[in-house]
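Here is the structure we will look at, set down as structure tokens.
Protein chains in written order, with the working numbering: chain V, 158 to 779; chain X, 148 to 274.
See below:
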């Protein structure tokens, strides 16, 4: 197995051979760019604990070399870049901005067509989620966040760079790991305007996205792509990657196509609108109680649990956002509107701007949820620890348990040989223990009904029990190992015959864009979704002010009414009725227990007594 | 079967309650408490009608049957709880108990799956 990374020329050739095609969404303003002009347009800042942030290198004086020096470093210090400048939005700059925009808009279709969220954006998510969503938006006022004008200022700064020299560039790294050749495409966007531009969760300066392609290499040195992995929200491990021959992986020649989320720049395999949820997990004691209740409800009472609820989710509260990856905007790469510039190669050892700069690549907004803080570079996480995608790209996509095709047969045969050898050892142990057990059995038979040997007889009985249990365990293990060995032999035969595994067997949760039905929401439903949360709060207020005499009944009635209308619009009337019935049944059960506690106890005892009597009588009759 | 039994039970219970009241001695300006309790039994009429219709729909495994039965049980239970909060009449308890069992039965995995499968096969036929 080769272990050394390919040289610069070979690495560049490989990167260019499989470089992706990115398809963005109309209205997207930022595209993958080289880090150098971005860094040159930034200033470098340091935020030390308990102090105001200070500028270390002013805008216009920063370079990639200087960035790596990371001055004024100390425990707890956060280094960050600032890309946007409020002056770009001042009245004096208006004429300059207009000139830049007009010059660039002439030949760019994406800048002339505004983004439209489409019908049913709000109506796609539930009542409670919309309410939590509203709270999340309100919470943004209190949290640290990227200032409102930043997206516009970043757009101006980006347009200025692009007007100077329009380039679309990725940062490529090629390495070998566990028999795979990994092509890493690191895409750098100057700004993530998902929240301000596309109703998403957050805005932040700088955005690093990644696409990895995993190649296998034959003995003759020929490479072939086997897997791809695109980074996207809420997906990890196996769910990130697709096999190269999976129909979901669209390709132009040998170039995989990526549908980029508008503003968020998350990568998707298929065009569409993706419902992404930020999940807020329940505190663990509550989650345990909820899990126990769910398990009792589902398994003991045999009750129905709605699709997607089986097993219980990690989080019961989630804030929904839609990621628009329509692919109808600018495309970059093979056959696209623009072509890639020569990639910036991240060689081994990595350049200083990658390994030396551990700070954030944009504004540090001090957001406790970190959603509004800029990300760190390819090599690091925000907390300065090393990013797994950097040091273990194979494990990052769950590929560490999958041998490359050239090694699969070898791995199977090795594993089978190990198991066969283990089976041999097990058989010898079983024979030995079986002989011991027989001898012990004979000893016990000889001691039976001899009062002076009661004590050793008891001890012998205990040892026989233990040995018998151990033999049972060993025989079970042997039977399993033999079955596994047989299965491995069949698997090897299938591989020799050229058969392959199912392409999607490893995926437990696939990226799924909204279906046509989900997108086909009426205007009335959308209007309802937009106003219902506010309307409900106002109606609660009205009831509290004017109907205090019937406060409870009016509140129950209004909640039922809102829930009924909502369920009707969302086609979930059955679920609503089912949930309401269960709620009513629980209340009624509690009332019955309260009113007839002792009678129920007596009845239960009576039933148990009668059952025991019936059971015993039945036995007598036999 | 259980739904038909429920309707019969409701009719019998209503009839029995009606017979317990001396209707000739009723003063309409201040009716007896017991008479009011019996009169509000009429609130169960809509749910009884729904239950009857749902029982007929159940025979044909129509999904609507499940929905109507679930609505009828919810309605009956809601009326029971409301009456319990006002008068606590004795007849609400057996109705409550029966409705609880019916709700658990209707929500059981087997029953839900039958009507869910019915829905999907129906949909595929329509397509």
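Even glycine gets a Cβ: it sits at the ideal position worked out from N, Cα and C.
Same chain, Cβ closer than 7 Å to residue i, neighbours up to 5 away in sequence not counted
{"i": "residue 195 of chain X", "result": "154, 157"}
{"i": "residue 584 of chain V", "result": "635"}
{"i": "residue 660 of chain V", "result": "400, 402, 403"}
{"i": "residue 243 of chain X", "result": "224, 227"}
{"i": "residue 536 of chain V", "result": "507, 511, 512, 543, 544, 547"}
Residue i - DSSP class collapsed to helix/strand/coil
{"i": "residue 489 of chain V", "result": "strand"}
{"i": "residue 202 of chain V", "result": "strand"}
{"i": "residue 259 of chain X", "result": "helix"}
{"i": "residue 712 of chain V", "result": "helix"}
{"i": "residue 428 of chain V", "result": "coil"}
{"i": "residue 634 of chain V", "result": "helix"}
{"i": "residue 359 of chain V", "result": "coil"}
{"i": "residue 379 of chain V", "result": "coil"}
{"i": "residue 421 of chain V", "result": "coil"}
{"i": "residue 220 of chain V", "result": "coil"}
{"i": "residue 760 of chain V", "result": "helix"}
{"i": "residue 510 of chain V", "result": "helix"}
{"i": "residue 373 of chain V", "result": "strand"}
{"i": "residue 188 of chain X", "result": "helix"}
{"i": "residue 777 of chain V", "result": "helix"}
{"i": "residue 499 of chain V", "result": "coil"}
{"i": "residue 731 of chain V", "result": "helix"}
{"i": "residue 166 of chain V", "result": "helix"}
{"i": "residue 230 of chain X", "result": "helix"}
{"i": "residue 161 of chain X", "result": "helix"}
{"i": "residue 366 of chain V", "result": "strand"}
{"i": "residue 665 of chain V", "result": "coil"}
Cβ-based neighbour list, residue i, same chain, cut-off 8 Å, excluding 5 preceding and 5 following
{"i": "residue 568 of chain V", "result": "560"}
{"i": "residue 594 of chain V", "result": "621, 624, 625, 628"}
{"i": "residue 137 of chain V", "result": "With chain V represented from 158 up to 779, any question about residue 137 of chain V goes unanswered, as that position is not in the structure."}
Within 9 Å, strictly: CB atoms of residue i and residue j
{"i": "residue 329 of chain V", "j": "residue 340 of chain V", "result": "yes"}
{"i": "residue 481 of chain V", "j": "residue 746 of chain V", "result": "no"}
{"i": "residue 533 of chain V", "j": "residue 343 of chain V", "result": "no"}
{"i": "residue 797 of chain V", "j": "residue 326 of chain V", "result": "One cannot answer for residue 797 of chain V here, as it falls past the ends of chain V, which runs 158 to 779."}
{"i": "residue 411 of chain V", "j": "residue 442 of chain V", "result": "no"}
{"i": "residue 389 of chain V", "j": "residue 668 of chain V", "result": "yes"}
{"i": "residue 185 of chain V", "j": "residue 420 of chain V", "result": "yes"}
{"i": "residue 256 of chain X", "j": "residue 461 of chain V", "result": "yes"}
{"i": "residue 695 of chain V", "j": "residue 396 of chain V", "result": "no"}
{"i": "residue 221 of chain V", "j": "residue 509 of chain V", "result": "yes"}
{"i": "residue 566 of chain V", "j": "residue 652 of chain V", "result": "yes"}
Per-residue burial, residue i [other beta carbons within 10 Å of its own, 16 or more giving buried]
{"i": "residue 175 of chain V", "result": "buried"}
{"i": "residue 249 of chain X", "result": "buried"}
{"i": "residue 220 of chain X", "result": "buried"}
{"i": "residue 603 of chain V", "result": "exposed"}
{"i": "residue 734 of chain V", "result": "buried"}
{"i": "residue 554 of chain V", "result": "buried"}
{"i": "residue 487 of chain V", "result": "buried"}
{"i": "residue 215 of chain X", "result": "buried"}
{"i": "residue 771 of chain V", "result": "exposed"}
{"i": "residue 177 of chain V", "result": "buried"}
{"i": "residue 528 of chain V", "result": "buried"}
{"i": "residue 348 of chain V", "result": "buried"}
{"i": "residue 430 of chain V", "result": "buried"}
{"i": "residue 336 of chain V", "result": "buried"}
{"i": "residue 417 of chain V", "result": "buried"}
{"i": "residue 272 of chain V", "result": "buried"}
{"i": "residue 368 of chain V", "result": "buried"}
{"i": "residue 658 of chain V", "result": "exposed"}
{"i": "residue 763 of chain V", "result": "exposed"}
{"i": "residue 241 of chain V", "result": "buried"}
Cβ-based neighbour list, residue i, same chain, cut-off 6 Å, excluding 5 preceding and 5 following
{"i": "residue 217 of chain X", "result": "253"}
{"i": "residue 531 of chain V", "result": "361, 362, 363, 517, 518, 519, 520"}
{"i": "residue 394 of chain V", "result": "555"}
{"i": "residue 408 of chain V", "result": "none"}
{"i": "residue 466 of chain V", "result": "With a pLDDT of 44 at residue 466 of chain V, under the threshold of 50, the modelled position of that residue is not reliable, and no figure is offered here."}
{"i": "residue 173 of chain V", "result": "none"}
{"i": "residue 423 of chain V", "result": "389, 390, 480"}
{"i": "residue 357 of chain V", "result": "351, 420, 421, 478"}
> Taking only runs of the alpha helix (DSSP H) that begin and end inside the segment 555–631 of chain V, which ones reach a length of at least 4 residues, in chain order?
Replying inline: The alpha helix (DSSP H) runs lying completely inside the segment 555–631 of chain V and spanning 4 residues or more are 562–604, given in chain order.
> Could you give the uninterrupted runs of the beta strand (DSSP E) lying entirely in the segment 382–411 of chain V, keeping only those of 3 residues or more?
Replying inline: Within the segment 382–411 of chain V, the complete beta strand (DSSP E) runs of at least 3 residues are 398–400.
> Can you give, in chain order, each stretch of the alpha helix (DSSP H) that sits fully within the segment 671–707 of chain V and has at least 4 residues?
Replying inline: Runs found: 673–676, 680–703.
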